[in-house]
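Below is one structure, written out as structure tokens; comments come after it.
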Amino acid sequence: MEKLDDLDKDILRIIIKNARIPFAEVAEACGVSRAAIHQRVQKLMDTGVIEGSGYSVDEKKLGFDTCTYIGLRLEKGSLYKSVAAELKKLPEVTECHFTTGPYTMLIKLYARNNEHLMELLNDKIQEIKGIVSTETLISLNKSIDREIPIF
1 MEKLDDLDKD
11 ILRIIIKNAR
21 IPFAEVAEAC
31 GVSRAAIHQR
41 VQKLMDTGVI
51 EGSGYSVDEK
61 KLGFDTCTYI
71 GLRLEKGSLY
81 KSVAAELKKL
91 PEVTECHFTT
101 GPYTMLIKLY
111 ARNNEHLMEL
121 LNDKIQEIKG
131 IVSTETLISL
141 NKSIDREIPI
151 F
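So, in structure tokens, the structure goes:
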């Protein structure tokens with residue numbers, strides 16, 4: 001990956017705040033042409049600096065009131081890929097990480113309520129071959145939600 005220059009960083013700072021901002025406004029803020037912004041954004045996408053584009057949704061407004069982090073302990077770490085493949089089948093699981101420390105894996109999921117969470121844990125997650133134990137942490141409030149800063 002090429003090193004990001006100041007223009008790339010300026011563009012990222014602007015579009016991180018509002019991915020829907022017109023390139024003309026980004027170009028004006030950066031003092032370059034709209035075509036230059038288009039080329040730079042395309043380059044950032046091609047090199048994987050920008051991944052996807054989309055909207056953020058409020059999970060609570062979709063009926064998912066419980067945000068949960070679950071630490072998973074596996075029989076052996078080599079089962080990570082097969083367990084991750086099974087977890088990927090659960091749409092409520094939004095993140096999955098292979099970790100160091102007390103858990104082999106850490107997942108984030110959203111449930112409609114505690115009953116739904118219990119169903120996911122007991123009937124789905126804990127039934128996945130290779131999972132030895134789970135530890136569940138319910139998020140009471142999201143205090144920070146942001147992208148990594150562009151320096």
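Anchor point for the sequence shown: position 40 equals 40 in the UniProt record's numbering, and the numbering is continuous, going up by one each time.
Glycine included, C-beta positions come from ideal geometry on N, C-alpha and C.
Local conformation of residue i per DSSP, three classes
i, result
"residue 73", "strand"
"residue 155", "Because the chain spans 1 through 151 in this model, residue 155 falls outside it and cannot be assessed."
"residue 3", "coil"
"residue 25", "helix"
"residue 110", "strand"
"residue 57", "coil"
"residue 95", "strand"
Contact under 7 Å by Cβ, residue i with residue j
i, j, result
"residue 13", "residue 150", "yes"
"residue 68", "residue 109", "yes"
"residue 66", "residue 117", "yes"
"residue 79", "residue 124", "no"
"residue 34", "residue 24", "yes"
"residue 58", "residue 30", "no"
Nearest-angstrom Cα separation, counted from residue j out to residue i
i, j, result
"residue 93", "residue 48", "23 Å"
"residue 126", "residue 112", "19 Å"
"residue 6", "residue 55", "26 Å"
"residue 148", "residue 26", "20 Å"
"residue 107", "residue 52", "21 Å"
"residue 131", "residue 143", "30 Å"
"residue 88", "residue 102", "22 Å"
"residue 140", "residue 120", "19 Å"
"residue 21", "residue 4", "21 Å"
"residue 114", "residue 71", "17 Å"
Whole-angstrom C-beta distance between residue j and residue i, which should lie under 8 Å
i, j, result
"residue 73", "residue 99", "The Cβ separation is near 11 Å, so there is no contact."
"residue 95", "residue 128", "Not quite, the Cβ-Cβ distance comes to about 16 Å (not below 8 Å), so this is no contact."
"residue 8", "residue 62", "Actually they are not in contact, since the Cβ atoms of residue 8 and residue 62 sit about 34 Å apart, beyond 8 Å."
Heavy atom of the ligand MG within 6 Å of residue i beta-carbon
i, result
"residue 112", "As far as ligands go, the structure on display features none, and thus does not contain the ligand MG."
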